[in-house]
Every structure is written in structure tokens, then in C-alpha cells.
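Each protein sequence line maps, in turn, to chains A and B. Per my numbering, residue 12 is the first one in the first sequence, and the count goes up by one each step. Per my numbering, residue 12 is the first one in the second sequence, and the count goes up by one each step.
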Amino acid sequence: MHAIQAVDLGKNFGSTQALRGASFTVDENEIYGLIGPNGAGKTTALRILSTLISASSGRAEVFGFDVARHPEKVREIISYLPEEAGLYQHLSGLEFLEFMAGFYADGIEERNSFVEEGRLISGLGERLRDRSDGYSKGMKRRLLIARALMMKPRLAILDEPTSGLDVIQSVHVRNMIKDYADRQGVTVLLSSHNMLEVEYLCDRVSLMDLGRVVAEGSPDELRARYGAKNLEDVFMEVTDHE
Amino acid sequence: MPIIIFPVMGGAIRISQESVQRAVVGASFAVYTDDEGFVTEAFLEYLYRGNTVVPIEAASLEDALRQFQETDSNALIYIPRGYNDNLTQSMRGELRVYANLRKLNMAETQSTNIVSSLINNFNYLFSINKIKRLLEQTGGLGTPEAVRSPLSIRYASILKGTVLDIPPTSIISLVMSQSIMLPIMVMMMVMFAIQMAATSIALEKEQKTLETLMTLPVSRLTVLAGKLSGSIVIAVAGSVSYLIGFGYYMNSAFAFVPEAATMSIDEVSVGITPFGMLLVGVVIFVTLVSALAMALSIAVFADNVRSAQSFTGILITPIMIPAIILMFSDIDMLPQAVQWILLVIPYTHSIIATKAAFLGDYFVVIRSIAFISVWTFAVLYVAAKIFSTERIITARFSLGDIRKRLKRGR
Numbered sequence: 012m013h014a015i016q017a018v019d020l021g022k023n024f025g026s027t028q029a030l031r032g033a034s035f036t037v038d039e040n041e042i043y044g045l046i047g048p049n050g051a052g053k054t055t056a057l058r059i060l061s062t063l064i065s066a067s068s069g070r071a072e073v074f075g076f077d078v079a080r081h082p083e084k085v086r087e088i089i090s091y092l093p094e095e096a097g098l099y100q101h102l103s104g105l106e107f108l109e110f111m112a113g114f115y116a117d118g119i120e121e122r123n124s125f126v127e128e129g130r131l132i133s134g135l136g137e138r139l140r141d142r143s144d145g146y147s148k149g150m151k152r153r154l155l156i157a158r159a160l161m162m163k164p165r166l167a168i169l170d171e172p173t174s175g176l177d178v179i180q181s182v183h184v185r186n187m188i189k190d191y192a193d194r195q196g197v198t199v200l201l202s203s204h205n206m207l208e209v210e211y212l213c214d215r216v217s218l219m220d221l222g223r224v225v226a227e228g229s230p231d232e233l234r235a236r237y238g239a240k241n242l243e244d245v246f247m248e249v250t251d252h253e
Numbered sequence: 012m013p014i015i016i017f018p019v020m021g022g023a024i025r026i027s028q029e030s031v032q033r034a035v036v037g038a039s040f041a042v043y044t045d046d047e048g049f050v051t052e053a054f055l056e057y058l059y060r061g062n063t064v065v066p067i068e069a070a071s072l073e074d075a076l077r078q079f080q081e082t083d084s085n086a087l088i089y090i091p092r093g094y095n096d097n098l099t100q101s102m103r104g105e106l107r108v109y110a111n112l113r114k115l116n117m118a119e120t121q122s123t124n125i126v127s128s129l130i131n132n133f134n135y136l137f138s139i140n141k142i143k144r145l146l147e148q149t150g151g152l153g154t155p156e157a158v159r160s161p162l163s164i165r166y167a168s169i170l171k172g173t174v175l176d177i178p179p180t181s182i183i184s185l186v187m188s189q190s191i192m193l194p195i196m197v198m199m200m201v202m203f204a205i206q207m208a209a210t211s212i213a214l215e216k217e218q219k220t221l222e223t224l225m226t227l228p229v230s231r232l233t234v235l236a237g238k239l240s241g242s243i244v245i246a247v248a249g250s251v252s253y254l255i256g257f258g259y260y261m262n263s264a265f266a267f268v269p270e271a272a273t274m275s276i277d278e279v280s281v282g283i284t285p286f287g288m289l290l291v292g293v294v295i296f297v298t299l300v301s302a303l304a305m306a307l308s309i310a311v312f313a314d315n316v317r318s319a320q321s322f323t324g325i326l327i328t329p330i331m332i333p334a335i336i337l338m339f340s341d342i343d344m345l346p347q348a349v350q351w352i353l354l355v356i357p358y359t360h361s362i363i364a365t366k367a368a369f370l371g372d373y374f375v376v377i378r379s380i381a382f383i384s385v386w387t388f389a390v391l392y393v394a395a396k397i398f399s400t401e402r403i404i405t406a407r408f409s410l411g412d413i414r415k416r417l418k419r420g421r
């Protein structure tokens, strides 16, 4: 069974076509990247898969559950990190993890194990006891990624996980995701406009442009197929951008 | 806050009233006379008996007024020349009372009122005495009191079929204090709840936590119910504190009024029975749920807390207008067109029902509950629709957008 099967996904916002028949499949236990420039439709595709919005056309399944017909089932097995996610400022990092773990855990014991996992993933140590409004951007993002991964979801959907972070924080976050996915066997679908980052992180990628998937495969396959040095060159090759 | 504000208000009113009372009790007045004679002497003796009088010795009225302004007294009784002669010749004796309004407060007018009542009392005693002598001289029948005032009135009020030996003005003044405060309480509670609910959803948007919240493994209706119940708990806590604070306020603020203190609400059979209280609870609950659901539905369209507060400001108007109108009037007293406009607004029924419960008119209360409930279900349906679709994520409006759309529509 595929972790994700998206078929001809289309989405209109008024007269704007954000998605124009995007199709891709994600296998279980792989890290899959949607890459492309701003406005390519990456976030829209992720929002459809995480049941936040509905597709105007086409269909999508997550581990066999149709996102439009069984959104509650889908939400039980996924974890979504929006690009501009925030924290409840009056809560400490630890309280935030406890609050979020409560939605997924069966009982206090499981909740505590999720929180412990989140504490380890975030690497924030004693700072978790501080109110989150005093955190730096990098600390906030690490806490949010820890929140998204701590309950070992079958599918983690991460929208631009390193968006706005400096080089050091970005490397840390990338390692967090890769280590966790390898260790726990979690399927990860992420989006990024940083093609070098995706090349390092993802097993397979879809290159998106203007609401369509223009190429799909592993970074090595794509480079070989288009005789390119990296994914940026592949992207320029398969699109009309100059 | 209400548990603090109302007692503080009540305490402040009590302190000010008590200080006025103290000022009145200790009030002194000045007397200046230009006249002499036995009636004038009798009047002066009457004034000096048991009162603090400041005698003014002056060559002229102007001089007397100047001296009066240097005293602590707030009132001056001036007895002009001819007062004694007029009264002895059965003509009207003229007196003049000067009130010195230094600070324009109530105590200063109370001083003048005391002087007036002293003069009126002397007036009464003088006339009764004169009538008595005339009756004796002419051998007429009857008492001097009956000749002076042949008619007497005893007021009674009929309330809910019961005849009470209490003047209607006393009952109305007691009920008015309640009927003004009840709409204010309902209005404040609903406004408080609306602001809170709107802020709770707008804060999720502002802090960028809404998208995460909407992908958690709980149904959207559970999120809506959570937001509603959280706001209701706080609003009800607020209402209870209003009631406690308000109770203290009424006791404190009206403790100085002898009529209100001696006449309990039970005596005049106006008050809320346990059943009435239960119905008021239901009214407040359905009103709160509808207002909160409406606030949540509207706040969904706001990007941040400030916009949400602006949007809910639109809701405040239909809550305030009926509250203000019904504070001073009854729905039946209004013109037909205004009645219909007010009756369409659901929050009017909350106020009508609360007032009706106070008067024991349970049919009106239940009718209002039915109307508000129907409205509440409609609003909840809309809120549930908004929460269960992507509108909760994608809906965005600012007041500027609305203006632009209206312009385009033209």
C-alpha cells in the first residue's frame, strides 16, 4: 500500500488555479519532497493531504483513506506542520508538548512517553520549562518539529521545515528529521523551495511548477535523466523558466 | 472584575450618601431680620429651638449677604420689614431664603430643603392656630386641620391582583432599580462573552496555531464545542460574580434609603422565585450560546485579534440598542414599528425574559426562551458549517475588503 496516492489533484481559489492536476505517490517509510518555487502549489497539495482544505478535482488517499471522505481517519495517522506554525505563547515548551500529546495518547503513560520523545527530538533541554514567547525562531521551529514527530505518526507532513532558519539551525533540523525517520520508520512528506536541502534529505522528489508535477524520481535518477549537476539544473531544464 | 467593580460602586455610593446625610444632620443656617414684632419673635424662637442658627447682625441686606457668605452655613433666612404686620393683618408674610451654592453638591440643596421644611411647618402651625381662633370666634364646626385641608389621600397599589397599602411610587422606585440593572447585566455579560470567544479564535489565527489545531485527531465540531464551552464557563463565572457583586451593590447603594430598606422585595411580591431563577438561567445560557456561536463564526473571517474585535463590534450594536431602550421603557409602550424591529433582535428577548421572570410572567419567559433557542440553533448550524469546511482556514476579510466589495457592487 502506498502511504500517499494523489491523482490529478486540482484546486481553485476563486479564479486562481493553485493546483492543475498534480499526481504523485509516496511509499511507506520514505522521505518524499515536493519542491518548486513559490506559487508552485506545494503548500496547497500538503493542505489537501492534511484535510485542511478540499480538492476541487481529483482524489487523494493516505494509507488507503480518502482524505475527502474520511478526514477524521486521516487525521488520526498524520501529523502536519504548517510553514507558519506558531506556539501558544502563554505555555512553556513542555506544556505545549503535553497539551498536544494529549490529543493522541491513550492514557497518561503514553502521553508521558510522547512528551519524553518530544523533549529528546527538540534538544531544548531545560529551556523547555520556559514560556515559549521567549524562544528564538530556531527554538520554536525545533519544538514544532518535535511536536509533529513525537507521537510517531505514520505520516508526517512538513511544510518548509527549515523556512526562515539560519544555516546552523537548518542543518540541525534536517538531521533531526532524517535521524527520526530512519530510526522510527516514519513516512515524511515535506515541501521546500531549497532544492539542495531536498537533495540531501529526500529519497524521492516531485518537481512542481504552476500547480503541476513536472518531474518525479529520486534525486540521482532525475540528475541522470536530465544530465544535470543538481536538482536546480533539473528544474530549469524541465520548465520554461530562464 | 465584576465581583470587585460592583461592591466598589456600591461602597462608593454608600460613602457619598452617608457623607451627604452627615452634612445634612449637621447643617446650620443663618438668619437675618429687618423686622420686629411678636410674630417675628415667635418665628425666631421657633427657628432657634433645636437648630444650629447663625445670627447675622448687619446694617443692610447687602451687608448681611456678605457676612452670610463668610459663614459655614449654606442657607440664609431673611425676614423683611413688614413681615410681622402682614401676618397680624391676615395678609401673607413674605420670607426669602438664600442658598449659597459653593461646591454645587447635594448637601447644599439639602440644607435649603431643611430650611424650607422648617418654614412650611411653621406655616402650618401658624395657620392651624389662626383657624382655631377663628372657629372659636365664629362658633364654627369641625377641626382646624379639616378646614385647612378638607381632602386626604391614602395611596395603595394593586400588584399581580394583591392590594398593598404601599404608594405606587415606592414600589416603582424599587422595581426601577432592578429593571435598569437587569438589562445592563445581560448586555455586559453577552458583550464580555462575545469579546472572549472572538479573541479565542482570532488568537489561534494570530499565533498561527489554528492550522495545527485543525489537523489534530479530533472532529471540527469538537473544536467548536471546546471553544464554546470554554467561553461559556468563563462567561458564566463572570455572570455569577456579577450577581454576587450586584447583590452587594444593591445592599450598599440603597441601604441609606429608608423606604427601600424597610420594604423588602418579598413584601411587595415582586421578585424571582426559584422557578423564575431557573428560567433566567436558561435564558442566560441560550443567549450566551447564540452570542458565542455568532462571535466565533464572525471571528473566523478575521486575521487577528484586532480585526476580530472590530467585527464583533458590529454585534455589540444590536445588543446595546434593546438594552438601552428597555432600560427606561417597556416593549409594549413603544411604537409598533420600533416594537417589531426590537423583537426581531434575539437579544431583546433575553432582556424581556429577564424582566418578565422578575414579575413572575413565566409565559413570556418561556416564549422568549423558545425564540432565542430557535435562533441559537440556526447560529450553531452556521458555525458548525463554517468549522467543518475549509472556510475556517481560507476565510479572510478585513473591513477594507468589505468596503471594496461594496464599492464594486455599486
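Even for Gly, the Cβ is constructed at its ideal location relative to N, Cα and C. As the structure is a prediction and not an experimental result, all values here were calculated from the model.
Start and end residues, beta strand (DSSP E) containing residue i
{"i": "E72 of chain A", "result": "S68 to V73"}
{"i": "Q28 of chain A", "result": "T27 to V37"}
{"i": "M162 of chain A", "result": "Here M162 of chain A belongs to no beta strand (DSSP E), and DSSP marks it neither H nor E."}
{"i": "K22 of chain A", "result": "I15 to F24"}
{"i": "Y43 of chain B", "result": "F40 to T44"}
{"i": "E47 of chain B", "result": "Unbroken run through E47 of chain B: none, as it is neither H nor E."}
{"i": "A455 of chain B", "result": "Lying before the first or after the last residue shown, residue 455 of chain B is absent from chain B, which here runs from 12 to 421."}
{"i": "V225 of chain A", "result": "R223 to G228"}
{"i": "D220 of chain A", "result": "R215 to D220"}
Any non-hydrogen atom of the ligand SAH closer than 8 Å to residue i Cβ
{"i": "L30 of chain A", "result": "The ligand SAH is not part of the structure shown, which contains no ligands of any sort."}
Inter-residue spacing [alpha-carbon to alpha-carbon] between residue i and residue j
{"i": "K393 of chain B", "j": "V245 of chain A", "result": "Checking the displayed sequence, the identity of residue 393 of chain B turns out to be Val instead of Lys. Roughly 48 Å between the two C-alpha positions."}
{"i": "L120 of chain A", "j": "I356 of chain B", "result": "Contrary to the premise, residue 120 of chain A reads as Glu rather than Leu in this sequence. Using only the alpha carbons, I get a separation of about 51 Å."}
{"i": "S361 of chain B", "j": "L175 of chain B", "result": "30 Å"}
{"i": "T365 of chain B", "j": "E72 of chain A", "result": "53 Å"}
{"i": "T82 of chain B", "j": "L55 of chain B", "result": "19 Å"}
{"i": "V297 of chain B", "j": "Y115 of chain A", "result": "33 Å"}
{"i": "T359 of chain B", "j": "P82 of chain A", "result": "40 Å"}
{"i": "F267 of chain B", "j": "F79 of chain B", "result": "For F267 of chain B, the predicted model reports a pLDDT of 47, less than 50, meaning its position is unreliable; a value from the coordinates is still stated below. If you take the alpha carbons of F267 of chain B and F79 of chain B, they lie about 31 Å apart."}
{"i": "L200 of chain A", "j": "I168 of chain A", "result": "5 Å"}
{"i": "I325 of chain B", "j": "S181 of chain A", "result": "45 Å"}
{"i": "G241 of chain B", "j": "R58 of chain A", "result": "28 Å"}
{"i": "K53 of chain A", "j": "S229 of chain A", "result": "18 Å"}
{"i": "E156 of chain B", "j": "G104 of chain B", "result": "21 Å"}
{"i": "I377 of chain B", "j": "S147 of chain A", "result": "56 Å"}
{"i": "A272 of chain B", "j": "S184 of chain B", "result": "In this predicted model, A272 of chain B has a pLDDT of only 43, less than 50, meaning its place in the structure is not dependable; the value taken from the coordinates is given anyway. Taking the straight line from one Cα to the other gives about 12 Å."}
{"i": "I67 of chain B", "j": "S39 of chain B", "result": "13 Å"}
{"i": "F388 of chain B", "j": "M305 of chain B", "result": "11 Å"}
{"i": "V254 of chain A", "j": "L108 of chain A", "result": "Because chain A in this structure spans residues 12 to 253, residue 254 of chain A falls outside the shown range and cannot be described."}
Chain-ordered chain A contacts of residue i [CB-CB under 8 Å]
{"i": "T405 of chain B", "result": "F24 and I64"}
{"i": "E119 of chain B", "result": "Those within 8 Å of E119 of chain B in chain A number zero; the least Cβ separation is about 53 Å."}
Contacts of residue i in chain B (Cβ-Cβ under 7 Å)
{"i": "Q180 of chain A", "result": "Per Cβ cutoff of 7 Å: no residues; Q180 of chain A is ~18 Å from chain B at best."}
{"i": "Y99 of chain A", "result": "Q218 and T220"}
{"i": "F114 of chain A", "result": "L227, P228 and V229"}
{"i": "S61 of chain A", "result": "T226"}
Other residues of its chain near residue i: CB distance less than 8 Å, five sequence neighbours each side excluded
{"i": "T51 of chain B", "result": "T44, I90, Y94 and N95"}
Residues of its chain near residue i, where Cβ-Cβ distance is below 7 Å and the 5 sequence neighbours each way are ignored
{"i": "I397 of chain B", "result": "S308, V311 and I403"}
{"i": "E270 of chain B", "result": "With a pLDDT of 48 at E270 of chain B, under the threshold of 50, the modelled position of this residue cannot be trusted; read the value that follows with caution. Hits under 7 Å: S181."}
{"i": "E41 of chain A", "result": "T198, D214 and R215"}
{"i": "G75 of chain A", "result": "M12"}
Limits of the alpha helix (DSSP H) - the one that residue i falls within
{"i": "D190 of chain A", "result": "V178 to Q195"}
{"i": "E109 of chain A", "result": "G104 to Y115"}
{"i": "G324 of chain B", "result": "V316 to F339"}
{"i": "R122 of chain A", "result": "I119 to S133"}
{"i": "E248 of chain A", "result": "L242 to V249"}
{"i": "R86 of chain A", "result": "P82 to I88"}
Contact set for residue i: own chain, Cβ-Cβ below 6 Å, skip 5 residues either direction
{"i": "F24 of chain A", "result": "none"}
{"i": "K22 of chain A", "result": "A29, L30, T55, A66 and S67"}
{"i": "A406 of chain B", "result": "V311 and F312"}
{"i": "M247 of chain A", "result": "none"}
(request) Can you give me, in chain order, the residues of the stretch 74-96 of chain A that have a beta carbon less than 8 Å from any beta carbon in chain B? (result) E83, R86, E87, I89, S90, Y91, L92, P93, E95 and A96
(message) Which residues of the stretch 213-234 of chain B have a Cβ closer than 7 Å to any Cβ of chain A? Give them in chain order.
(response) Q218, K219, T220, E222, T223, M225, T226, L227, P228, V229 and S230
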